[in-house]
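Let me begin by presenting the structure, written as structure tokens, before commenting on it.
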Amino acid sequence: FQFFVELLFELCGNYRLSNESEDGYIEMPPATSVSELTRYAAKAQGVRGANLLVRALRYACDNSLSPMETDITATMLFDPRMGGFGLAKPRLNPRFEVSGKDRRALPQSAYLPDLYWAEANVSVEYDSDKHHLGSRKISQDAIRRNGIEHLGTRVVTLTWGQARNYYEFERVALLVASALGKKFGPGWYAWANRRIELHRLLVQR
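The sequence shown runs 394 to 598 under the numbering used here.
This is how it looks when you write it as structure tokens:
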């Protein structure tokens with residue numbers, strides 16, 4: 394089921410998996426969208442697999458830019474009984490335009506937070522070590538985060554190392570959960586092993 398959700402992210406995202414790329418994926422425009430697939434699923438009731446599609450669409454999002462962004466998002470969204478954190482869906486890479494009054498302070502005309510929850514005005518920015526090495530990249534990432542924060546959004550940073558370590562990943566997810574007012578029931582501790590296993594399956598591999 395988790396891999397089916399990953400496929401939906403890919404189809405609705407801006408990349409396709411590719412063995413010919415060093416990164417394991419290439420940039421491509423979306424093949425469809427969550428809303429289009431939802432309409433199709435509604436018309437396909439009774440068709441084999443339609444119920445699975447409906448269930449998977451509860452977790453799929455539009456506009457993912459990479460497999461890692463997909464897996465980070467899915468892990469945060471999956472139901473706690475499945476090993477996830479049960480968070481509300483974020484918007485992936487929404488465009489924040491910079492108004493005229495901020496143009497002198499910010500070097501870019503727009504910013505795209507990786508994962509953004511409008512209801513809490515908080516975003517998670519994923520910094521992949523693979524693509525963010527060197528002083529120039531570090532500086533660019535800092536400028537980007539500063540720009541998003543200047544526009545009024547709280548930024549929580551998630552590095553590649555943090556993402557790969559379950560306990561560091563959990564701390565970031567819980568920061569977002571707190572901002573969203575998410576409460577966890579008594580099953581939280583009982584499902585700890587499921588969270589570790591899901592993280593290993595999707596993010597740590």
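Every residue gets a Cβ at the ideal spot worked out from N, C-alpha and C, and that includes glycine.
Remember, it's a predicted structure, so these values are computed and weren't measured experimentally.
Option in the options with minimal Cα separation from residue i
i: Cys454; options: Ala434, Tyr504, Pro423 and Gly439; result: Pro423
i: Thr431; options: Leu446, Gly417, Gly439 and Arg441; result: Leu446
i: Ala570; options: Leu591, Asn514 and Pro506; result: Asn514
i: Cys405; options: Pro460, Gly442, Met469 and Gln438; result: Pro460
i: Asn558; options: Leu594, Ala435, Leu505 and Tyr418; result: Leu594
i: Ala583; options: Leu568, Glu590, Lys575 and Arg474; result: Arg474
i: Val427; options: Gly417, Gly439 and Leu400; result: Leu400
i: Phe394; options: Ala435, Asn444, Phe478 and Pro579; result: Asn444
i: Asp464; options: Phe396, Glu563, Arg587 and Gly580; result: Phe396
Residue burial classification, residue i (beta-carbon count within 10 angstroms, cutoff 16)
i: Trp510; result: buried
i: Arg392; result: What the structure shows of the chain is the stretch from 394 to 598, and residue 392 is not part of that stretch, so it cannot be assessed.
i: Tyr560; result: exposed
i: Gly417; result: exposed
Residue i vs residue j beta-carbon contact at 8 Å
i: Asn415; j: Arg409; result: First, the residue type needs correcting, since residue 415 is Glu and not Asn in the sequence shown. No.
i: Asp507; j: Trp553; result: no
i: Val565; j: Val548; result: no
i: Tyr452; j: Val398; result: yes
i: Asn407; j: Leu458; result: yes
Integer Cβ distance of residue i from residue j, believed to fall under 8 Å
i: Leu485; j: Glu518; result: Not really, about 12 Å apart at Cβ, beyond 8 Å.
i: Thr468; j: Val596; result: 6 Å
i: Lys575; j: Leu480; result: 6 Å
i: Phe489; j: Ile541; result: 7 Å
i: Glu590; j: Gly476; result: 6 Å
Beta bridge counterpart(s) of residue i as assigned by DSSP
i: Val517; result: Leu508 and Val549
i: Tyr418; result: Leu410
i: Leu595; result: DSSP output for Leu595 lists no bridge partner at all.
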